[in-house]
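Asker: Take this structure, written in structure tokens, and hold onto it; I'll ask about it next.
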Amino acid sequence: MHTLEALTRDARALAHGEIVLSAPETEVARQLQICNACRYCEGFCAVFPAMTRRLEFGKADIHFIANLCHNCGACLHACQYAPPHEFAVNIPQAMAQVRGQTYADYAWPPALGQLYQRNGLTLALALVAGLTLFLLLAVVLHGQGLSALWQAPSGGFYGIFPHNLLVGLFAPVFLFAVLALGLGVRRFWRDVTPATSGARLSPPAAAEATDAVLRLKYLDGGHGDGCHNEDDAYTLSRRRMHHLTFYGFLLCFAATSVATLYHYLLGAPAPYDLPSLPKLLGGVGGISLAIGTAGLWRLNLRRHPEHGDAAQKPMDRAFIALLFLTATSGLALWASRGTTALPLLLCLHLGAVMALFATLPYGKFAHGIFRTASLLRHAVEKRQPNPVGLGAD
Numbered sequence: 104m105h106t107l108e109a110l111t112r113d114a115r116a117l118a119h120g121e122i123v124l125s126a127p128e129t130e131v132a133r134q135l136q137i138c139n140a141c142r143y144c145e146g147f148c149a150v151f152p153a154m155t156r157r158l159e160f161g162k163a164d165i166h167f168i169a170n171l172c173h174n175c176g177a178c179l180h181a182c183q184y185a186p187p188h189e190f191a192v193n194i195p196q197a198m199a200q201v202r203g204q205t206y207a208d209y210a211w212p213p214a215l216g217q218l219y220q221r222n223g224l225t226l227a228l229a230l231v232a233g234l235t236l237f238l239l240l241a242v243v244l245h246g247q248g249l250s251a252l253w254q255a256p257s258g259g260f261y262g263i264f265p266h267n268l269l270v271g272l273f274a275p276v277f278l279f280a281v282l283a284l285g286l287g288v289r290r291f292w293r294d295v296t297p298a299t300s301g302a303r304l305s306p307p308a309a310a311e312a313t314d315a316v317l318r319l320k321y322l323d324g325g326h327g328d329g330c331h332n333e334d335d336a337y338t339l340s341r342r343r344m345h346h347l348t349f350y351g352f353l354l355c356f357a358a359t360s361v362a363t364l365y366h367y368l369l370g371a372p373a374p375y376d377l378p379s380l381p382k383l384l385g386g387v388g389g390i391s392l393a394i395g396t397a398g399l400w401r402l403n404l405r406r407h408p409e410h411g412d413a414a415q416k417p418m419d420r421a422f423i424a425l426l427f428l429t430a431t432s433g434l435a436l437w438a439s440r441g442t443t444a445l446p447l448l449l450c451l452h453l454g455a456v457m458a459l460f461a462t463l464p465y466g467k468f469a470h471g472i473f474r475t476a477s478l479l480r481h482a483v484e485k486r487q488p489n490p491v492g493l494g495a496d
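Residue numbers (our numbering): 104 to 496.
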């Protein structure tokens, strides 16, 4: 009966053009109302100053604040109303559930939004295995025999897969991922930025948001000692492992970009020797990415279940596993030049990279894009007069 009443109420609201909140969104609104009355945690992160600028929380506000949350867990351990209190305030968990919903809601094309719920570790590894097998079969057919899988090619990995073929395989997948993420975050930005706010993006706001992203400012627990993982102890491990992962990924991307410039502008095709810039960037980036993802995997396994949304763990671990496999296979490939292991390692690495690109718009990678947009929105908003007049930014 309760479900029927809820469906009837939602149908009536839709008929009158009202915006209907989902169950996770309604729960976030309820908890933020309690937090707005308490304000004990207002110095912890950007969520609470943004919260104090509102007396009510609509759908756009909830999406904005949920993606502003870094899921550090500090407010949960400080909260006097946390479970088992009857108010059951658990901001990290409630926000995580809404974030997962926003990734699906703003996915492009919309029909692929459900992939967020299905992007688990098994699917990711199966995709890597399938793509690797496809590439191995291509090597066998091109080399006319299984022996091609353990022969050192004379032309490096371009002797196995020509450069133009690799560009033809990877460029469309990468460009689609960029397009899908760009269109999704563009719609998210429009929704969380009220047209009547009068707020304008300024260089100081952009600089503040960039600083918060690059330093992972809000993973310090609000006091610099770190946030929480499996218990009440403060730890900077999550911040450090995120930094290693983030900057390792950027260095690997930079290595590929520099190699592209070498190839097209300087006429110097791969492979490259030390101390060439692509080799140095790729080596340092691969090591950083491997260490960071290994650390994040360990932290994820030990994370307290109340700190996040358990339904998203398969997606989280799939992304970590893909990054780790990309990094370690790349390092192995980096060290295997001129050996008979090159064909097998190249196929594994290319399979991991293509699987990573294919799942970027519909996996955990999206959280960094949406969180960056929310941090930018917060930096813009805090420079406007407080419409509520309570508290201070």
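For every residue, glycine included, the Cβ atom is placed at its ideal position computed from N, Cα and C.
#1: What's the call for R59, buried or exposed, on a 16-neighbour Cβ count within 10 Å?
#2: Which runs of the alpha helix (DSSP H), 4 residues or longer, sit entirely within the stretch 441-481?
#3: Below 8 angstroms on the Cβ atoms is my contact criterion, and I expect F356 with L426 to pass it. Report the Cβ-Cβ distance as a whole number of Å.
#4: Starting from A358, trace the alpha helix (DSSP H) in both directions and tell me its first and last residue.
#5: For a test of the three-state rule: what should DSSP assign to C144, helix, strand or coil?
#6: Sort P306, E189, E484, A458 by Cα distance to T225 and report the nearest one.
#7: According to DSSP, simplified to helix, strand and coil, what is C330?
#8: With 16 other CB atoms within 10 Å as the buried threshold, where does E85 fall?
#9: Classify R303: buried if its beta carbon has 16 or more other beta carbons within 10 angstroms, exposed otherwise.
#10: Could you spell out where the alpha helix (DSSP H) holding S432 opens and where it closes?
#11: Count the other C-beta atoms from every protein chain shown that fall within 10 angstroms of the C-beta of T442, then say buried if there are 16 or more, exposed otherwise.
#12: Would you call P195 buried or exposed, if buried means 16 or more other Cβ atoms sit within 10 Å of its Cβ?
#13: Tell me whether C182 sits in a helix, a strand or coil according to DSSP, three-state version.
#14: Could you spell out the range, first to last residue, of the alpha helix (DSSP H) harbouring A399?
#15: CB-CB under 8 angstroms to G324, same chain, minus the five flanking residues each way: which ones, in chain order?
#16: Quick one: Cα of P265 to Cα of G389, how far?
#17: Output the boundary residues of the alpha helix (DSSP H) element that contains P488.
#18: Under a Cβ-count criterion, where at least 16 other Cβ atoms within 10 Å of its own Cβ denotes burial, should T363 be classed as buried or exposed?
#19: With a CB to CB cut of under 6 angstroms and the five nearest residues on each side skipped, what residues in its chain are close to T475?
#20: Within the same chain, show all residues whose beta-carbon is closer than 7 angstroms to that of A199, passing over the 5 residues directly before and after it, in chain order.
#21: For the alpha helix (DSSP H) containing T296, list its first residue and its last residue.
#22: Using a Cβ-Cβ cut-off of 8 angstroms (strictly less than) and excluding sequence neighbours within five positions of E108, which residues of its own chain qualify?
#23: Tell me the rounded alpha-carbon separation between G285 and A210.
#24: If you drop the 5 nearest sequence neighbours on each side, which residues of the same chain put their C-beta closer than 8 angstroms to that of A371?
#25: Please classify G433 as buried or exposed, where buried requires at least 16 neighbouring CB atoms within 10 angstroms.
#26: Taking only three categories from DSSP, how would you classify A191?
#27: Which residues in the same chain as L384 place their Cβ atom closer than 7 angstroms to its Cβ, once the five residues preceding and following it in sequence are excluded?
#28: Which residue marks the beginning of the alpha helix (DSSP H) containing E409, and which one marks its end?
#29: Quick one: using the 10 Å Cβ neighbour count with 16 as the cut-off for buried, is G233 buried or exposed?
#30: Would you give the residue range spanned by the alpha helix (DSSP H) that R167 belongs to?
#31: Determine whether the beta carbon atoms of V288 and F167 lie at a separation below 8 angstroms.
#32: Report back the beta-carbon spacing between L402 and S340 to the nearest angstrom; my notes put them in contact at under 8 angstroms.
#33: Taking the alpha-carbon positions, what's the Q217 to Q204 distance?
#34: So the alpha helix (DSSP H) A309 belongs to, where does it begin and stop?
#35: In chain order, what residues of the same chain lie with their CB nearer than 7 angstroms to the CB of D208, ignoring the 5 residues before and after it?
#36: Quick one: using the 10 Å Cβ neighbour count with 16 as the cut-off for buried, is Q487 buried or exposed?
Answerer: Quick look at the numbers:
#1: No answer is possible for residue 59: the residues shown for the chain start at 104 and end at 496.
#2: 445-462
#3: To locate residue 356, count along the sequence shown from 1; it is residue 253. To locate residue 426, count along the sequence shown from 1; it is residue 323. Between L426 and F356 the Cβ distance is about 12 angstroms, and since that is not below 8 angstroms, they are no contact.
#4: For the purposes of this step, residue 358 is taken as the residue at position 255 of the sequence shown. Its alpha helix (DSSP H) spans residues 340-368.
#5: For the purposes of this step, residue 144 is taken as the residue at position 41 of the sequence shown. Correct three-state label for C144: coil.
#6: As a first step, residue 225 must be located in the sequence shown, where it is residue number 122. Measuring from the Cα of T225, the nearest candidate turns out to be A458.
#7: Mapped onto the sequence shown, residue 330 falls at position 227. Correct three-state label for C330: strand.
#8: With the chain covering 104 to 496 only, the question about residue 85 has no answer from this structure.
#9: Locating residue 303 in the sequence shown gives position 200, where the first residue counts as 1. It is exposed - the Cβ of R303 has fewer than 16 other Cβ atoms within 10 Å.
#10: Translated into positions along the sequence shown, residue 432 becomes position 329. Residues 416-438.
#11: Here the question's residue 442 lines up with position 339 in the sequence shown. It counts as exposed.
#12: Working through the sequence shown from its first residue, we reach residue 195 at position 92. When all chains shown are included, P195 counts as buried.
#13: The residue you call residue 182 lines up with position 79 of the sequence shown. Correct three-state label for C182: coil.
#14: Stepping through the sequence shown from its first residue, residue 399 is reached at position 296. First, the amino acid is wrong: residue 399 is Leu here, not Ala. Taken as a continuous stretch (DSSP letters only), the alpha helix (DSSP H) holding L399 covers 380-405.
#15: Taking the first residue of the sequence shown as position 1, residue 324 is located at position 221. F147, C175, A177, C330, H331, Y337.
#16: The sequence position of residue 265 within the sequence shown is 162, counting from 1. The sequence position of residue 389 within the sequence shown is 286, counting from 1. Going by the C-alpha atoms only, they are around 24 angstroms apart.
#17: By 1-based counting over the sequence shown, the position of residue 488 is 385. Taken as a continuous stretch (DSSP letters only), P488 belongs to no alpha helix (DSSP H), as it is neither H nor E.
#18: Within the sequence shown, residue 363 is the residue found at index 260, counting from 1. Exposed, since its Cβ has fewer than 16 Cβ neighbours within 10 Å.
#19: Taking the first residue of the sequence shown as position 1, residue 475 is located at position 372. Hits under 6 angstroms: V316.
#20: Taking the sequence shown and counting its residues from 1, one reaches residue 199 at position 96. If we look at A199 and ignore the five residues flanking it on each side, its Cβ neighbours are N174, G411, D412, Q415.
#21: Numbered from 1 along the sequence shown, position 193 holds the residue referred to as residue 296. Neither: T296 is in no alpha helix (DSSP H) and is coded neither H nor E.
#22: For the purposes of this step, residue 108 is identified with residue 5 of the sequence shown, where counting begins at 1. Note that E108 scores 49 on pLDDT, short of 50, meaning its location in the model is unreliable; the coordinates nonetheless yield the value given after this. Hits under 8 angstroms: none found.
#23: Taking the sequence shown and counting its residues from 1, the one referred to as residue 285 is at position 182. Taking the sequence shown and counting its residues from 1, the one referred to as residue 210 is at position 107. Distance between the alpha carbons of G285 and A210 is about 10 angstroms.
#24: Indexing the sequence shown from 1 puts residue 371 at position 268. Only Y365 meet the Cβ criterion.
#25: One-based indexing of the sequence shown puts residue 433 at position 330. Buried, because 16 or more other Cβ atoms sit within 10 Å of the Cβ of G433.
#26: By 1-based counting over the sequence shown, the position of residue 191 is 88. Coil at A191, not helix or strand.
#27: Sequence index remark: in the sequence shown, residue 384 carries index 281 (1-based). Excluding positions up to five away in sequence, the list reads L354, A357, A358, V361.
#28: Position 306 of the sequence shown, counted from the first residue, corresponds to residue 409. Segment: none, E409 is in no alpha helix (DSSP H) and carries neither H nor E.
#29: Sequence index remark: in the sequence shown, residue 233 carries index 130 (1-based). The residue in question, G233, is exposed, as its Cβ has fewer than 16 Cβ neighbours within 10 Å.
#30: Along the sequence shown, one-based indexing puts residue 167 at 64. A small correction: the amino acid at residue 167 is Phe; Arg does not occupy that position in the sequence shown. Residues 162-171.
#31: Taking the first residue of the sequence shown as 1, we reach residue 288 at position 185. Taking the first residue of the sequence shown as 1, we reach residue 167 at position 64. No, Cβ-Cβ distance for V288 and F167 is not below 8 angstroms.
#32: As a position in the sequence shown, residue 402 is number 299, starting the count at 1. As a position in the sequence shown, residue 340 is number 237, starting the count at 1. Right, the Cβ-Cβ distance comes to about 6 angstroms (below 8 angstroms), so this counts as a contact.
#33: Working through the sequence shown from its first residue, we reach residue 217 at position 114. Working through the sequence shown from its first residue, we reach residue 204 at position 101. Roughly 10 angstroms separates the two Cα atoms.
#34: In the sequence shown, the residue the question calls residue 309 occupies position 206. Per DSSP, A309 belongs to the alpha helix (DSSP H) from 306-318.
#35: Within the sequence shown, numbered from 1, the residue matching residue 208 stands at position 105. Correct list, in chain order: G216.
#36: Numbered from its first residue, the sequence shown carries residue 487 at position 384. Per the 10 Å Cβ criterion, exposed.
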